[in-house]
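Undergrad: Everything in the sequence shown is counted per my numbering, starting at 286 for the first residue and increasing by one.
Glycine included, every Cβ here is placed at the ideal spot set by N, Cα and C.
None of the values given here were measured: they were computed from a predicted structure.
Have a look at the structure that comes next, please.
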Amino acid sequence: MTATIENLKRRLVEGLQVVTGEGILSGSGHLSARIPGTETFLINPRFAGALADPKDICTVDFSGKRIAGKGPIPSETHVHTAIYRSRPDVGSVLHCHARYSILLGLLDSGLIPFNREARIFADGVPIFHNSHGINSAGLAEQMVEALGQHHAIFLRGHGCVVTGPGIEGNCISAIQLERACQDQLLLMSFTTPKPLADAARGRVTARLENPYRAWPFLLYKHKVKSKTKIRASIRTLEEGEHY
Ligand SMILES: [Zn+2]
Numbered sequence: 286m287t288a289t290i291e292n293l294k295r296r297l298v299e300g301l302q303v304v305t306g307e308g309i310l311s312g313s314g315h316l317s318a319r320i321p322g323t324e325t326f327l328i329n330p331r332f333a334g335a336l337a338d339p340k341d342i343c344t345v346d347f348s349g350k351r352i353a354g355k356g357p358i359p360s361e362t363h364v365h366t367a368i369y370r371s372r373p374d375v376g377s378v379l380h381c382h383a384r385y386s387i388l389l390g391l392l393d394s395g396l397i398p399f400n401r402e403a404r405i406f407a408d409g410v411p412i413f414h415n416s417h418g419i420n421s422a423g424l425a426e427q428m429v430e431a432l433g434q435h436h437a438i439f440l441r442g443h444g445c446v447v448t449g450p451g452i453e454g455n456c457i458s459a460i461q462l463e464r465a466c467q468d469q470l471l472l473m474s475f476t477t478p479k480p481l482a483d484a485a486r487g488r489v490t491a492r493l494e495n496p497y498r499a500w501p502f503l504l505y506k507h508k509v510k511s512k513t514k515i516r517a518s519i520r521t522l523e524e525g526e527h528y
């Protein structure tokens, strides 16, 4: 178990660096990962995620109590506890105050899945009508109800929450959501976007669990690790194999 937790902490720190490099996280925002088979999860403490080292990552139980790590934990940790409690399919949660997600969450139309980036959110991204931080268990329960089985939710005028099966896939989802929001806002200055007619191939969980192309590229782009180390960790598919 210790090896599992150390591995998750290292990957969480790498994820924090990538999403910060992509403009998703800044001095605020947090990323967490469920510790498999337990009612606990890991989360970065209450300072800029990009500055966190593995030893700073805190362990929190499903009642929202910090049980390991120096802390302090973010006031919006409730977002994470409420989602892990009600969604066994979720292995990682990200909450951020990303610029284009905030703008798009203010539109009544919501996200329109009209391109490749938005396709993984083709089943819709609900909008939670509360612009305050989710800083209480009661508010978090309301948010989880609004989230339902969706993969992300906008917090109107505040930011968004993104969920995924694991750390890397969740970070990629958050990056794609922010880019989809940006693209929609750009397109709306010329025309009214329409959803893709063939959005059937929406979300491929296997691809998010092993993003063997996108994630190594992002680690390289943001200089999180050496090229040699990144190359060594790639788990590519066999030739002719598809997700
Ligand atoms: Zn927030």
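As an exercise, report each continuous alpha helix (DSSP H) stretch of at least 4 residues that is fully enclosed by the stretch 420–482, in chain order.
TA: Whole alpha helix (DSSP H) segments, 4+ residues: 422–432, 452–473.
Undergrad: Thinking C-alpha only, which one of S311, I387, G423 is nearest T366?
TA: G423
Undergrad: Which whole-angstrom value describes the C-beta separation of K294 and I352, a residue pair presumed to lie in contact below a C-beta threshold of 8 Å?
TA: Between I352 and K294 the Cβ distance is about 14 Å, and since that is not below 8 Å, they are no contact.
Undergrad: Under a criterion of Cβ closer than 6 Å to any non-hydrogen atom of ligand 1, which residues qualify, in chain order?
TA: E361, H380, H382, G418, H443, G444
Undergrad: Among I519, Y369, F399, which residue has its Cα nearest to the Cα of A465?
TA: It is F399 whose Cα lies nearest to the Cα of A465.
Undergrad: Kindly indicate which residue of P373, A482, F332, K340 has the alpha-carbon position closest to the one of F347.
TA: P373
Undergrad: Please work out which residues of its chain come closer than 8 Å, Cβ to Cβ, to K479, disregarding the five sequence neighbours upstream and downstream, and give them in chain order.
TA: I397, F399
Undergrad: If we call anything under 8 Å between Cβ atoms a contact, is C573 one with L379?
TA: Residue 573 lies beyond the residue range present for the chain, which begins at 286 and ends at 528; the question has no answer from this structure.
Undergrad: How is I328 classed by DSSP in three states: helix, strand or coil?
TA: I328 falls in the strand class under three-state DSSP.
Undergrad: Do the stretch 384–391 and the stretch 443–455 make contact, defined as three or more Cβ pairs closer than 8 Å?
TA: yes
Undergrad: Between the Cα of R319 and those of N415, N329, L310, spot the shortest distance and give me the residue it belongs to.
TA: N329
Undergrad: Give me the DSSP bridge partner(s) of D346.
TA: T325, per the DSSP bridge assignment.
Undergrad: Please find out if some non-hydrogen atom of ligand 3 comes closer than 7 Å to the beta-carbon of G442.
TA: Among the ligands present in this structure, namely ligand 1, ligand 3 is not found.
Undergrad: Starting from the N-terminal side, write out each stretch of the alpha helix (DSSP H) that is 4 residues or longer and does not extend beyond the stretch 362–416.
TA: 363–371, 384–389
Undergrad: Going by DSSP, what residue range makes up the alpha helix (DSSP H) through A333?
TA: That residue, A333, is in no alpha helix (DSSP H); it is neither H nor E in DSSP.
Undergrad: Near S360, which residues of its chain fall below 6 Å by C-beta distance, leaving aside the five closest residues on each side in sequence?
TA: N420
Undergrad: Give me the Cα-Cα distance between D483 and G418, rounded to the nearest whole angstrom.
TA: 36 Å
Undergrad: Could you pull the start and end residues of the alpha helix (DSSP H) that A295 belongs to?
TA: Looking at the sequence provided, one finds Arg at residue 295 rather than Ala. It spans 287–306 - the alpha helix (DSSP H) in which R295 sits, taken as one unbroken run.
Undergrad: Since L504 is in the alpha helix (DSSP H), which residue starts that stretch and which ends it?
TA: 499–506
Undergrad: Taking the straight line between their C-alpha atoms, what separation do you get for L472 and R441?
TA: Roughly 21 Å separates the two Cα atoms.
Undergrad: For I412 and E426, I'd like the C-alpha separation in whole angstroms.
TA: 15 Å
Undergrad: Skipping 5 residues on each side, what residues in its chain have a beta carbon closer than 7 Å to that of E324?
TA: D346, F347
Undergrad: Grouping DSSP H, G and I as helix and E and B as strand, with all else coil, what is S511?
TA: coil
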